[in-house]
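Going letter by letter, the sequence shown gives residues 148 to 794 in the numbering used here.
Report on the structure given below.
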Amino acid sequence: MTARIRARGRSGRDADSAADAPAGAALPTRGLRFLLARRRVLVRLTAWSVLETGQTFLIGYGPARALDEGFLRGRADVGLVWLAVTGLGVLLGAYGTARVYAAVAALVEPLRDRLVERVVTRGVRTGDASSLSGLTQQVEIARDTFAGLVMVSRSFVFTAAGALAGLFTLAPPLLLVVGPPLAVGMALFAATLRPLARRQETFLVADEALACDLGAVGPGLRDITATGAEAHIAAGTGERVEAELRAARALAHWGVLRVASLTIGGQLPIVLLLAAGPWLLSHGVTAGALVGALAYVTQSLLPALRNLIHGLGTSGSRLTVVLRRLAGPDAGTPRPPESRPGPSGTTADHCTPTPAVSLSSVTFAYGPASAPVVRDLDLTLPPGAHLAVVGPSGAGKSTLTALVAGLLAPSHGTIRVGGHPVPGPEAAAERVLIPQEAYVFSGTLAENLAYLRPDPVPVEELLAAAEAVGLTPLAERLGGLDARVDPATLSAGERQLVALTRAYLSYAPLALLDEATCHLDPGTEERAERAFAARPGGTLVVVAHRISSARRAGRVLVMDGRSTAYGGHEELMRSSALYRDLVGSWTPAPARRGSEPALALGDAYRVDAVAGPGLAGDGRHVVAHRPVGQVQAPGDLRDGGSLGREG
148 MTARIRARGR SGRDADSAAD APAGAALPTR GLRFLLARRR VLVRLTAWSV
198 LETGQTFLIG YGPARALDEG FLRGRADVGL VWLAVTGLGV LLGAYGTARV
248 YAAVAALVEP LRDRLVERVV TRGVRTGDAS SLSGLTQQVE IARDTFAGLV
298 MVSRSFVFTA AGALAGLFTL APPLLLVVGP PLAVGMALFA ATLRPLARRQ
348 ETFLVADEAL ACDLGAVGPG LRDITATGAE AHIAAGTGER VEAELRAARA
398 LAHWGVLRVA SLTIGGQLPI VLLLAAGPWL LSHGVTAGAL VGALAYVTQS
448 LLPALRNLIH GLGTSGSRLT VVLRRLAGPD AGTPRPPESR PGPSGTTADH
498 CTPTPAVSLS SVTFAYGPAS APVVRDLDLT LPPGAHLAVV GPSGAGKSTL
548 TALVAGLLAP SHGTIRVGGH PVPGPEAAAE RVLIPQEAYV FSGTLAENLA
598 YLRPDPVPVE ELLAAAEAVG LTPLAERLGG LDARVDPATL SAGERQLVAL
648 TRAYLSYAPL ALLDEATCHL DPGTEERAER AFAARPGGTL VVVAHRISSA
698 RRAGRVLVMD GRSTAYGGHE ELMRSSALYR DLVGSWTPAP ARRGSEPALA
748 LGDAYRVDAV AGPGLAGDGR HVVAHRPVGQ VQAPGDLRDG GSLGREG
């Protein structure tokens, strides 16, 4: 299952563009669709490249024949003819190169147009400053870098093909000397591409964070000095400098491997040809063929390989970063400014905020022999996002929330919450998970509500949270905030309201609702979800119990165990057959009677995991967490022990 979302099964988007391909598709997938939609341009580009390849072939073959059949035999006229043929090949190659540039323009400009259209449509019309930056700078970076990558990649492929064909034509033993080191060098370079791209992105993010920090600190230097905050501000800025230094060092370490791949693939063949010269000459290779082989390596393969390694190794990772930002599902949309306070209360609102949630190539299976429940999932949510996750039972919805919460470790890939790696204490402090089985302990209602707060919570704040989530009627019935709570006397829905209010009061900006409202009536569920969505700086991910939750969300992730789809409600109604089926299976909830108290399971904490048999339903649920009435022994989600705190 893929999503950045990377959704293999998603349809209904314009496959004509890498930028407009499914938001769930991986960048390579979107790039492939973009290229396939321009097959005629690729055919034209290939044809002119073949003509250009003739120059590469003749640059070694012509001088070899000029020596062997001409100058070394005392036939200068034959040698001059072969050199003239080589010169003619260079002219034809130059003509082909000129036509190549026109074909590359026909391939690159549509990408730029699509990116501009995307940025304008989703950002500039709302006055978002980051989108203006994307339009004026990042789109041009993407266009120029993409054009450069097309040129160096195409040049290497056809140059290598022409040179290897020339070596084989001159003398097959020459391939035994040149081919293996070239293959090893290319394999080493290919192995560094992905790690290099990740470290390039890490470096760019660190550089932007430092620039953001300095942009806030610079204008307030006088205030910093006046308030004696030099040490505090210097420490924060120093951390960002150190972070960028670490990222630069990591990038440099991987850059060494690029140099090694160039040395092995491009320069080692020259040494081997010279060292193996006597052996080659004794096995039928002529002097002219040996000179031609050196010409192929020094004049064709080495420059082409150098351009490929430097172009693809640096510009390729740069293009990946820019395209992720421009073509991502939330790219160009207005985002809340980063709330890091600067001097004198200023904020660096011109800086792009750290994503609230980011998953990169995440894969998870419940056993070595099991099929992955989540496969190659890329997902980025900005602060303030509201995402609903829907799909049939077993599609991986609860698994996704457990992965983000750090309760499960991915088999592959990385997860970050608030910029911090998962699992980790920093990421755990940034999120709160509310599972379906709500935890309520014996004590006062105020103690239950303040459970996730390290400091005393004012009564006014407790009352405001209860009113926002919809707990006030229950609080009044129980006798107020100081009333003792007996979990056995509460219905499953009432326990969920207590748990939701507790999570609402926590400092964690990311709220993960894993069917945490499934026992509430639709009106109460809507009120609770809207309260979480309206939390200042808060981000909400809801495993949707009803399609109405998806309608309220800004974006929807559809999971079916094999593929994903991502978009708004109306967009998915057009593009996702599964989502249409889910919407069609939902019916408005009938009038419901009050739920009965939960079954007594005898838990030491008096926390009962399932509702009583009289709990009213709400029509046809879109997704089922488990069969109705199935009893699950209460246990802590983290370690299977006794119940502890949520999130």
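The beta carbon of each residue, even a glycine, is placed where N, CA and C say it ideally should be.
Length of the line joining the Cα atoms of residue i and residue j
{"i": "Gly543", "j": "Leu550", "result": "10 Å"}
{"i": "Leu722", "j": "Leu534", "result": "Before going further, note that residue 722 is Ser rather than Leu in the sequence given. Each residue's alpha carbon lies about 18 Å from the other."}
{"i": "Glu672", "j": "Val352", "result": "38 Å"}
{"i": "Thr339", "j": "Leu618", "result": "54 Å"}
{"i": "Leu198", "j": "Gly313", "result": "15 Å"}
{"i": "Leu409", "j": "Leu452", "result": "7 Å"}
{"i": "Ala294", "j": "Glu614", "result": "57 Å"}
{"i": "Ala436", "j": "Gly221", "result": "17 Å"}
{"i": "Pro416", "j": "Ala658", "result": "58 Å"}
{"i": "Leu182", "j": "Val228", "result": "42 Å"}
{"i": "Ala334", "j": "Gly326", "result": "12 Å"}
{"i": "Gly402", "j": "Ala289", "result": "22 Å"}
{"i": "Ala168", "j": "Leu428", "result": "The predicted model places Ala168 with a pLDDT of 37, which falls under 50 and marks its position as unreliable, so this point remains unresolved."}
{"i": "Arg187", "j": "Thr306", "result": "22 Å"}
{"i": "Pro515", "j": "Ser558", "result": "9 Å"}
{"i": "Ala675", "j": "Cys665", "result": "12 Å"}
{"i": "Pro328", "j": "Arg387", "result": "41 Å"}
{"i": "Leu449", "j": "Leu421", "result": "16 Å"}
{"i": "Pro601", "j": "Leu652", "result": "11 Å"}
{"i": "Leu599", "j": "Gly375", "result": "34 Å"}
{"i": "Ala241", "j": "Ala194", "result": "14 Å"}
{"i": "Gly715", "j": "Ile206", "result": "57 Å"}
{"i": "Pro572", "j": "Pro539", "result": "32 Å"}
{"i": "Asp750", "j": "Ser638", "result": "Reliability of the predicted coordinates at Asp750 is poor, the pLDDT of 36 falling under 50, and the value obtained from them is presented with this limitation in mind. Distance between the alpha carbons of Asp750 and Ser638 is about 16 Å."}
{"i": "Val418", "j": "Phe204", "result": "21 Å"}
{"i": "Ala123", "j": "Thr292", "result": "The chain is shown only over 148 to 794; residue 123 falls outside these bounds and no answer can be derived."}
{"i": "Ala503", "j": "Ala574", "result": "10 Å"}
Same chain only: Cβ atoms within 8 Å of residue i, ignoring 5 sequence neighbours per side
{"i": "Asn454", "result": "Val299, Ser302 and Phe303"}
{"i": "Ala382", "result": "none"}
{"i": "Thr283", "result": "Confidence at Thr283 is low in this model, with a pLDDT of 49, below 50, so its placement is unreliable and no value can be given for it."}
{"i": "Leu560", "result": "Here the sequence assigns Gly to residue 560, which means Leu is not the residue at that position. The answer, listed in chain order, is Leu506, Ser507, Ser508, Val509, Thr510, Asp523 and Leu524."}
{"i": "Ala646", "result": "Ile581, Ala585, Tyr586, Val587, Ala663 and Glu793"}
{"i": "Leu322", "result": "Leu311, Leu314 and Phe315"}
{"i": "His189", "result": "Residue 189 is actually Leu in this sequence, not His. Counting only Cβ-Cβ distances below 8 Å, and skipping sequence neighbours, we find Leu182 and Leu254."}
{"i": "Ala378", "result": "none"}
{"i": "Pro570", "result": "Gly553 and Ala556"}
Neighbourhood of residue i by C-beta distance below 7 Å, restricted to the same chain and skipping five residues each side
{"i": "Ala223", "result": "Gly217"}
{"i": "Ile456", "result": "Phe336, Arg405, Ser408 and Leu409"}
{"i": "Ala655", "result": "Ala576, Glu577, Arg578, Val579 and Gly794"}
{"i": "Asp629", "result": "Thr591 and Ala593"}
{"i": "Thr316", "result": "Tyr208"}
{"i": "Ala512", "result": "Ala518, Pro519, Val520 and Ser558"}
{"i": "Gly274", "result": "Confidence at Gly274 is low in this model, with a pLDDT of 43, below 50, so its placement is unreliable and the value that follows should be read with caution. Hits under 7 Å: none found."}
Proximity of residue i and residue j at Cβ, strictly below 8 Å
{"i": "Ala394", "j": "Thr349", "result": "yes"}
{"i": "Ser196", "j": "Ala310", "result": "no"}
{"i": "Arg649", "j": "Leu592", "result": "no"}
{"i": "Val247", "j": "Leu192", "result": "yes"}
{"i": "Val537", "j": "Leu258", "result": "no"}
{"i": "Leu667", "j": "Gly684", "result": "no"}
{"i": "Ser545", "j": "Asp661", "result": "yes"}
{"i": "Leu296", "j": "Leu526", "result": "no"}
{"i": "Gln143", "j": "Val237", "result": "Not covered by the structure: residue 143. The range shown for the chain is 148 to 794."}
{"i": "Val432", "j": "Pro320", "result": "yes"}
{"i": "Ala423", "j": "Val324", "result": "yes"}
Contacting residues, own chain, Cβ-Cβ under 6 Å from residue i (five flanking each side not counted)
{"i": "Arg212", "result": "Trp229"}
{"i": "Gly226", "result": "Ala213, Gly217 and Phe218"}
{"i": "Ala397", "result": "Arg346"}
Below-8 Å beta-carbon distance, residue i vs any chain C residue
{"i": "Val418", "result": "Protein chain content of the structure displayed is limited to a single chain, and chain C is not contained in it."}
Taking 8 Å as the threshold, find out whether the region 563 to 571 comes into contact with the region 697 to 709 through three or more Cβ pairs. no
For the region 678 to 695 against the region 513 to 533, do three or more pairs of beta-carbon atoms, one drawn from each stretch, fall closer than 8 Å, so that the two count as touching? yes
Under 8 Å, with one C-beta from each stretch per pair, do the region 585 to 597 and the region 631 to 640 reach the 3-pair mark? yes
Quick test of the definition: if touching needs 3 or more C-beta pairs under 8 Å, does the region 437 to 449 touch the region 357 to 373? no
Run through the region 375 to 449 for me and flag every whole alpha helix (DSSP H) of 4 or more residues, listed as ranges in chain order. 377 to 409, 415 to 422, 424 to 429 and 434 to 442
Could I get the ranges of all uninterrupted beta strand (DSSP E) runs contained in the region 531 to 587, with 3 residues as the minimum, in chain order? 533 to 537, 559 to 564 and 578 to 581
Inside the region 659 to 728 only - alpha helix (DSSP H) runs reaching at least 4 residues: 669 to 680, 694 to 699 and 716 to 722
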